[in-house]
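Chains as they are written, first to last, in numbering that gives the first Met the number 0: chain W, 0 to 359; chain G, 0 to 179; chain Z, 0 to 90. Beta carbons: idealized from backbone N, C-alpha and C, even for Gly. Just so it is clear, the structure is predicted and the values come from calculations on it, not from any experiment. The block underneath contains the structure these notes are about, expressed in structure tokens.
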Amino acid sequence: MLEFADEAQAYEEFVTRYSDGLPVVLPTEPRVRAMLAGTRESPDEEIGHVAPAGNVLTVRDVAVNAVMAGAEPRQLRVILAALEILLDERFNLNGVQSTTHCATPLVIVSGPLAAEAGIVAGGNVLGNGNRGNLAVGRTLRLVMTNVGGGRPRETDMAAQGTPAKISFCVAERLDAGVWPSLAQRQGGSPEETSVTIMAADGPITVSDHRSATPERLLRNIASTFAHMGSLNAALPTQAALLMAPQHARIVFNAGWSVPDIQRLIFENARNPVWRLREGGEWDPALSPQFVKRYGDPDDGRTLVPVLDAPERLIVAVTGGDTGGFSAVVTSWPASLPLHRFIEADGSYSFPRAEREGALV
Amino acid sequence: MSCCMRDAVELEASGKPTTIVVNDVFTPIAHATAALLALPADYVERNIVWLPHPTSNLSRAAVTALVDERIGLIRDALLGRLAPAATAATSGAGGDALALARDTVAGLAGSLRADGAELVLLDFGDGVLAGELRIGDLTCDDGSCIMPADSLAKMIEALVRPKVPALREVRLRETGNARG
Amino acid sequence: MTFLVHDPRGGTVAVAPPLARRPGSLAGLTLGVLDNGKEQADVILGRAADLLAREGVTPVFARKPSFSRVAPREVLEQLKACDIVITGLGG
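Now the structure itself:
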């Protein structure tokens with residue numbers, strides 16, 4: 000425990016040294032105890048080591064930072080699942096924390112427990128006013144900072160960063176009347192809830208109120224995925240589409256499935272080699288090697304996708320019904336998107352509750 | 000960069016002296032990672048050779064020239080002979096540090112003055128910045144419009160330390176009228 | 000009067016890692032060159048290896064598949080078979 004002369008002094012220390020730049024709630028013993036009611040796990044249970052510092056993270060440490068972020072106990076199980084993902088070696092948190100890129104965790108909560116946890120799936124989901132969403136994202140960032148030692152301009156070398164580093168958390172709409180949820184496509188039953196995380200760029204808005212066919216709509220979205228400023232353009236990996244319910248219905252009502260969406264984006268979100276050579280992150284030494292998978296790297300007309308396979312597009316329906324605005328999220332390539340399931344009774348138990356097989 | 004240093008640490012532990020050649024934009028992360036990994040204080044100076052950033056947009060010939068200029072440093076680093084350069088003193092003299100600290104808190108002092116209190120930094124020595132918070136005719140009845148001296152001291156420490164790395168502690172004594 | 004709050008930083012144990020002994024001279028040594036693939040790293044390290052080769056070292060080249068990750072096991076084992084190592088990135 001840290002000791003201060005009074006609350007004001009404690010607050011000054013915390014908001015200066017241990018915050019994300021926003022006000023924090025002081026983690027007093029009663030508050031931390033109340034937060035720990037949100038899990039059945041023992042407070043001393045170790046989740047792993049947080050890069051780059053490598054400090055051990057316990058359930059109690061998570062509760063402390065969750066209190067600071069303004070989270071409620073009902074969000075704790077989502078937060079614990081998210082942190083287990085971040086500490087998975089395949090996620091490469093060390094890289095995400097220290098890169099000069101803006102990479103930050105995009106958290107997608109899919110399933111009935113999202114609403115129970117107070118995480119918004121509807122209107123303005125990516126914006127302000129979503130207490131649960133913001134608390135989840137802030138807790139992850141506070142753990143990355145306070146336990147992981149990821150500090151801007153010291154160990155976090157991000158040149159510009161992104162507002163999404165404060166928090167980037169959505170729940171999936173389960174009532175949009177379209178295809179099975181992300182959690183179900185990951186192998187979960189309708190009662191189960193998954194947490195999926197991808198190391199992400201900030202989102203790009205795609206506005207489309209004119210398209211009445213899947214092809215027209217998805218080609219618009221594909222062109223946004225293919226923009227030359229992303230790392231995906233020169234290094235195909237994974238990406239995420241946060242799809243407006245309005246857009247999802249256009250696609251679903253025409254009889255299309257998620258694999259159809261993934262295939263169209265994979266085929267159409269591409270750049271010719273000649274354009275890649277003239278701008279962006281094309282590396283004459285490295286890039287031709289993976290272009291070979293898609294065609295002759297010496298032919299300027301060879302088209303390079305932003306995804307290295309169709310199933311690498313994570314599709315989640317989120318947002319309100321007031322308009323046709325989807326979000327394109329490209330990614331940081333040296334991290335693998337992962338998911339974890341939270342059990343139907345709301346418990347989250349270690350070790351890993353991951354399903355083998357499909358990652359997205 | 001921190002991945003580079005972790006590789007280096009593993010190789011060192013296996014008995015292989017490792018020298019890192021990297022752009023100087025990574026200087027802060029090198030020091031921070033060295034601290035996190037509990038490496039000796041002079042690890043960075045003795046084992047990293049810096050190139051001016053950026054290099055990704057330079058011609059092959061230009062990059063080659065940069066290496067040619069520094070091959071002596073690389074050789075010295077591998078042989079354990081790279082001497083830490085004399086670091087330029089950042090506000091080494093106490094007087095410079097005090098002036099810099101006063102400059103840094105000028106805005107803060109202005110808002111305190113508007114509420115009737117005077118922040119005076121008096122001395123910097125041995126890492127300690129000493130000053131007084133002189134309470135005058137406050138704009139509030141109960142003294143709550145002026146932060147307590149020790150909280151203010153912490154705030155000043157956070158503001159000044161990035162500019163004056165030698166700063167260890169800020170001590171503020173409250174004088175003048177009693178609050179409230 | 001004291002005000003107590005939990006420490007948000009978690010537990011920490013940092014143990015100082017051992018550093019290797021430096022050689023007296025370079026002649027006759029094998030020099031592991033770890034290229035981690037960022038721009039120009041191959042040019043920079045290649046040139047350094049060329050120049051050091053003139054002083055009697057034998058360069059052995061290894062390349063990381065990704066500059067954003069620690070080197071894979073096989074690459075590190077390859078380097079541990081050398082006497083000294085240089086690595087780095089451009090950027």
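Close-in-space but distant-in-sequence residues of the same chain around residue 151(G) (CB under 7 Å, 5 per side omitted): These residues qualify, in order along the chain: 132 and 171.
Integer-rounded CB distance, given that residue 321(W) should sit under 8 Å from residue 199(W): Between residue 199(W) and residue 321(W) the beta-carbon gap is near 24 Å, outside 8 Å, which marks them as no contact.
Residues that residue 17(Z) contacts on chain G, provided the C-beta gap is smaller than 8 Å: In chain order, 11 and 12 make up the part of chain G whose C-beta sits under 8 Å from the C-beta of residue 17(Z).
Counting only Cβ pairs nearer than 7 Å, list the residues of chain G close to residue 8(Z). Under the 7 Å cutoff, chain G gives no residues; its nearest Cβ is about 12 Å from residue 8(Z).
Interface residues of chain G around residue 70(Z) at Cβ under 7 Å? Ordered by position in chain G, the residues that pass the 7 Å Cβ test against residue 70(Z) are 6.
Residue 49(G) lies in the beta strand (DSSP E); which residues open and close that run? Run containing residue 49(G): 47-50, per the beta strand (DSSP E) assignment.
Taking CB distances under 7 Å as the criterion, tell me whether residue 32(Z) reaches chain G. For residue 32(Z), the nearest beta carbon of chain G is not closer than 7 Å to its own beta carbon.
When Cβ atoms are compared, which residues of the segment 1-35 of chain W fall closer than 8 Å to chain Z? Against chain Z - using a Cβ distance shorter than 8 Å - the residues of the segment 1-35 of chain W are 1, 2, 3, 4, 5, 6, 8, 9, 13, 17, 25, 26, 27, 28 and 31.
CB contact below 7 Å: residue 42(Z) versus chain W: For residue 42(Z), no Cβ of chain W is located within less than 7 Å of the residue's own Cβ.
If you draw a straight line from the C-alpha of residue 83(W) to the C-alpha of residue 2(G), how long is it? Cα-Cα distance, rounded: 21 Å.
Restricting to Cα atoms, I'd like to know which of 107(G), 111(G) and 57(G) is closest to residue 135(G). Of the candidates 107(G), 111(G) and 57(G), the one whose C-alpha sits nearest the C-alpha of residue 135(G) is 111(G).
Strictly below 9 Å CB to CB, what residues from chain G border residue 22(Z)? Simply 16, 77, 78 and 79.
Any heavy atom of the ligand HEM within a distance shorter than 6 Å of the CB on residue 283(W)? For the ligand HEM, the structure offers nothing, since it holds no ligand at all.
Below 8 Å, how does it come out for the segment 44-52 of chain G and the segment 12-23 of chain G: are there three or more Cβ pairs, yes or no? Enough Cβ pairs lie closer than 8 Å, so yes.
Would DSSP call residue 30(W) helix, strand or coil? The answer is helix: DSSP assigns residue 30(W) an H, G or I state.
Three-state secondary structure (DSSP) at residue 45(Z)? Correct three-state label for residue 45(Z): helix.
Short Cβ contact (7 Å threshold) for residue 101(W) with residue 50(W): Contact: no.
Going by C-alpha distance, which of 139(G), 146(G) and 128(G) is nearest residue 165(G)? The option with the nearest alpha carbon to residue 165(G) is 128(G).
Check distances from the C-beta atoms of the segment 123-141 of chain W to those of chain G and list, in chain order, the residues that come in under 9 Å. Within the segment 123-141 of chain W, not one residue has a Cβ closer than 9 Å to any Cβ of chain G.
Which of the residues in the segment 73-88 of chain Z, read from start to end, lie with their CB under 8 Å from any CB of chain W? Flagged: no residues at all.
My assumption, with CB atoms under 8 Å, is that residue 224(W) sits in contact with residue 57(W). Please give the rounded CB distance. Rounded, the Cβ-Cβ distance is 39 Å, inconsistent with contact.
Under 7 Å from the C-beta of residue 52(W): neighbouring residues of chain G: 35, listed in chain order.
What residues in its chain sit with their C-beta under 8 Å from that of residue 8(G), if we drop five residues either side in the sequence? Within the same chain, residue 8(G) has close Cβ partners 36 and 38.
Would you check if the distance between the CB atom of residue 83(Z) and the CB atom of residue 28(Z) is smaller than 7 Å? Less than 7 Å separates the beta-carbon of residue 83(Z) from that of residue 28(Z).
Tell me the rounded alpha-carbon separation between residue 54(G) and residue 5(G). The straight-line gap from Cα to Cα measures roughly 23 Å.
Return the chain-ordered ranges of every alpha helix (DSSP H) run that is complete within the segment 18-69 of chain G and spans a minimum of 4 residues. Qualifying alpha helix (DSSP H) stretches, in chain order: 26-35 and 42-46.
Taking 8 Å as the cut-off, does the segment 182-202 of chain W touch the segment 108-117 of chain W (at least 3 CB pairs, one atom from each stretch)? Touching, per the Cβ criterion.
Between which residues of its own chain and residue 88(G) is the CB-CB distance below 8 Å, once the five residues before and five after are set aside? In this prediction, residue 88(G) has a pLDDT of 34, which is less than 50 and means its spatial position is unreliable; nothing more can be read from the coordinates.
Anyone know if the C-beta pair for residue 2(W) and residue 50(Z) falls short of 7 Å? No, the Cβ-Cβ distance between residue 2(W) and residue 50(Z) is not below 7 Å.
Identify the contact partners of residue 72(G) in chain Z, using a Cβ-Cβ distance below 8 Å as the criterion. Residues of chain Z passing the Cβ test: none, with the nearest at roughly 10 Å.
Whole beta strand (DSSP E) elements within the segment 255-331 of chain W, 3-residue minimum: Within the segment 255-331 of chain W, the complete beta strand (DSSP E) runs of at least 3 residues are 269-271, 302-304, 312-316 and 324-328.
Name, please, each residue of chain Z whose Cβ falls closer than 8 Å to the Cβ of residue 19(G). Using a Cβ-Cβ cut-off of 8 Å, residue 19(G) is close to 85, 86 and 87 of chain Z, given in chain order.
Going by DSSP, which residues form a beta bridge with residue 54(W)? 49(W), per the DSSP bridge assignment.
Return the first residue and the last residue of the alpha helix (DSSP H) that residue 11(W) is part of. If you look at residue 11(W), you'll find it in the alpha helix (DSSP H) that goes 6-16.
Contact under 7 Å by Cβ, residue 264(W) with residue 221(W): Remark: C-beta atoms of residue 264(W) and residue 221(W) approach each other more closely than 7 Å.
Going straight from the alpha carbon of residue 87(W) to that of residue 54(W), what length do you get? Note on geometry: alpha-carbon atoms of residue 87(W) and residue 54(W) lie some 14 Å from one another.
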